[in-house]
Amino acid sequence: MHALRLALLGLALLALLVLPPSQSSAQSSSISLQIQNPVCMQSSLDSGTCYIRMRSISAVGSGSSFSRLQVFVNGKLRANTGGFFENSGYVVGNMFGSGFVVSCGGKNASGDPDFGQSYTIQVVASLADSTTTTGSIAVFCPYYEGKSFLPFLLR
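Okay, here's the thing in structure tokens:
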């Protein structure tokens with residue numbers, strides 16, 4: 645009996661060395677994300693309001709399991725798009741209208757004397773199986789000095 649156990653153990657070890665490892669049929673999900681050209685623009689010279697605009701945001705997932713894209717500005721949800729039976733999501737900048745309204749901030753508000761406030765744009769892309777990826781980028785706004793320019797009128 646002892647010899648039979650040793651023979652079976654030897655055959656099992658030989659099988660492990662000779663046979664290739666079995667491939668799992670389950671594939672892990674993957675997703676890629678791109679954020680293109682975010683920019684912060686002042687709405688007008690006499691306004692402290694700025695707009696954050698992006699050229700596009702795209703996400704591509706494995707299979708047809710794309711679920712949603714979420715855009716956050718400094719942690720605040722500003723856009724939420726969804727889909728189903730898709731393998732990708734694509735949002736162009738003009739789909740957000742003029743852009744995301746933010747405060748320009750005063751000179752040096754971000755710590756850079758040439759700019760006003762800075763904002764972090766974070767995009768989260770998700771698949772139906774809860775696979776997510778996150779991309780983030782910083783954008784700097786022009787500063788606003790709070791001056792109002794009055795027209796010069798001659799009488």
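Positions 645 to 799 (the numbering used here) are the ones given, in order, by the sequence shown.
By construction, the Cβ of each residue, glycine as well, lies at the ideal position given by its N, Cα and C atoms.
_For S702, list the residues DSSP reports as bridge partners._
The count along the sequence shown starts at 1 and reaches residue 702 at position 58. DSSP, once it has assigned bridges, lists Q678, Y734 as partnering S702.
_Own chain, CB closer than 7 angstroms to R722, minus 5 neighbours either side, in chain order_ = Looking up residue 722 in the sequence shown gives position 78. V715, F716, F744, listed in sequence order.
*Where F759 sits in the DSSP three-state scheme*: Here residue 759 refers to the residue found at position 115 when the sequence shown is read from its first residue. Correct three-state label for F759: coil.
*In angstroms, rounded to a whole number, what distance separates the CA positions of C694 and E789?*
In the sequence shown, the residue the question calls residue 694 occupies position 50. In the sequence shown, the residue the question calls residue 789 occupies position 145. Going from the Cα of C694 to the Cα of E789 covers about 13 angstroms.
*List the whole-angstrom C-beta distance separating S732 from F710, where the pair is believed to meet the contact cut-off of C-beta under 8 angstroms.*
Residue mapping note: residue 732 aligns to position 88 of the sequence shown, counting from 1. Residue mapping note: residue 710 aligns to position 66 of the sequence shown, counting from 1. Right, their Cβ atoms sit about 6 angstroms apart.
*Determine, using beta carbons only, whether C684 and V767 come nearer to each other than 9 angstroms.*
Counting from 1 along the sequence shown, the entry for residue 684 is found at position 40. Counting from 1 along the sequence shown, the entry for residue 767 is found at position 123. It is not a contact, given that the beta carbons lie outside the stated cut-off.
*V736 and S700 look like a contact to me (Cβ under 8 angstroms); what is the Cβ gap, rounded to whole Å?*
Residue mapping note: residue 736 aligns to position 92 of the sequence shown, counting from 1. Residue mapping note: residue 700 aligns to position 56 of the sequence shown, counting from 1. 5 angstroms between Cβ atoms; contact.
*Per-residue DSSP class, three states only, for F729*: As a working mapping, residue 729 is identified with position 85 in the sequence shown. In this structure, DSSP gives F729 a state outside helix and strand, which the three-state scheme calls coil.
*Starting from F784, trace the beta strand (DSSP E) both ways and give me its first and last residue.*
By one-based count along the sequence shown, residue 784 stands at place 140. That run of the beta strand (DSSP E) goes 776-784.
_Spatial distance of I781 from F728 (CA atoms)_ = Walking along the sequence shown from the start, residue 781 turns up at place 137. Walking along the sequence shown from the start, residue 728 turns up at place 84. Answer to the nearest angstrom: the Cα atoms are 27 angstroms apart.
*For N724, write down the residues that DSSP places opposite it in a beta bridge.*
As a working mapping, residue 724 is identified with position 80 in the sequence shown. DSSP, once it has assigned bridges, lists Q714 as partnering N724.
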